[in-house]
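Read through the structure below, which is laid out as structure tokens, and then see the notes.
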Amino acid sequence: MALSFFTKCSALSRISPFVRSFSITPVNQLKEIKEVTAKDTLVVKGEYVPSPRQSTLIPQLLEARSKGERFCPQCTLGLDIKHTDVLILSQYVRSDGCMLPRRITGLCKRQQRRMGALVTMAQKAGLMPNLNPSTSKKDPKRRYQWKKYNKYYDEETIKC
Numbered sequence: 409m410a411l412s413f414f415t416k417c418s419a420l421s422r423i424s425p426f427v428r429s430f431s432i433t434p435v436n437q438l439k440e441i442k443e444v445t446a447k448d449t450l451v452v453k454g455e456y457v458p459s460p461r462q463s464t465l466i467p468q469l470l471e472a473r474s475k476g477e478r479f480c481p482q483c484t485l486g487l488d489i490k491h492t493d494v495l496i497l498s499q500y501v502r503s504d505g506c507m508l509p510r511r512i513t514g515l516c517k518r519q520q521r522r523m524g525a526l527v528t529m530a531q532k533a534g535l536m537p538n539l540n541p542s543t544s545k546k547d548p549k550r551r552y553q554w555k556k557y558n559k560y561y562d563e564e565t566i567k568c
């Protein structure tokens with residue numbers, strides 16, 4: 409005698425942690441749930457489906473993933489990032505204003521140091537938030553001596 413689908417669902421709800429891990433998928437992989445009825449049993453399968461946005465990925469990233477190598481976007485793509493590119497730099501910064509570690513950013517050692525220097529430049533120029541003492545929040549014109557002037561940087565002076 410075959411069990412109905414609802415009976416199976418109620419039985420599966422008792423082991424909800426296992427069902428939950430079945431239904432949640434990683435960010436990069438999609439699953440299609442297929443129901444197959446064979447004789448008197450219902451088999452539910454989850455099969456991986458290729459992403460519809462596969463064509464928009466960077467080909468160098470796909471090669472590095474298939475080989476299991478690290479992928480440094482700045483070195484590979486030859487991007488010229490400045491300290492004024494705050495939206496790009498904010499991807500490498502935690503919510504408290506500190507740099508993310510290299511194992512999370514996926515950058516090579518040279519580019520990690522360069523991004524750290526650019527983030528510091530952007531924070532000192534007032535383009536990005538950082539943790540400062542309360543006295544630094546006052547009006548820039550009322551600051552002491554040279555600290556009241558705007559800061560300008562040249563990215564070619566970075567020694568990385």
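For what it's worth, the numbering used here labels the leading residue of the sequence shown as 409, then goes sequentially. Ideal Cβ positions, reconstructed from N, Cα and C, are used throughout, including at glycine. These numbers come from a predicted model, not from an experiment.
- With contacts defined by Cβ atoms closer than 8 Å, isoleucine 489 and glutamine 499 do not form a contacting pair.
- Under the 8 Å Cβ criterion, the region 506-518 counts as touching the region 472-480, having at least three qualifying pairs.
- Per DSSP, threonine 464 lies in no beta strand (DSSP E) segment and is marked neither H nor E.
- With distances taken between CA atoms, leucine 535 lies nearest to Tyr561 out of Gln519, Arg510, Tyr561.
- Between glutamate 443 and leucine 450 a beta carbon distance of about 6 Å is seen, short of the 8 Å cut, so the two are scored as contacting.
- If you compare the alpha carbons of Pro509, Arg502, Leu465 with that of proline 537, the shortest gap goes to Arg502.
- Judged by DSSP in its simplified three-state form, lysine 442 adopts strand.
- If you draw a straight line from the Cα of alanine 533 to the Cα of valine 452, it is about 57 Å long.
- DSSP places glutamate 564 within a helical segment (H, G or I) once states are collapsed to three.
- In this structure, alanine 530 lies away from leucine 495, with their beta-carbon atoms at least 8 Å apart.
- Bounds of the alpha helix (DSSP H) holding valine 494 are 494-497.
- Glycine 524 sits in a helix when the DSSP states are folded into three classes.
- Here glutamate 455 carries a strand assignment [DSSP, helix/strand/coil].
- Residue pairing by DSSP places methionine 507 opposite Val501 in a beta bridge.
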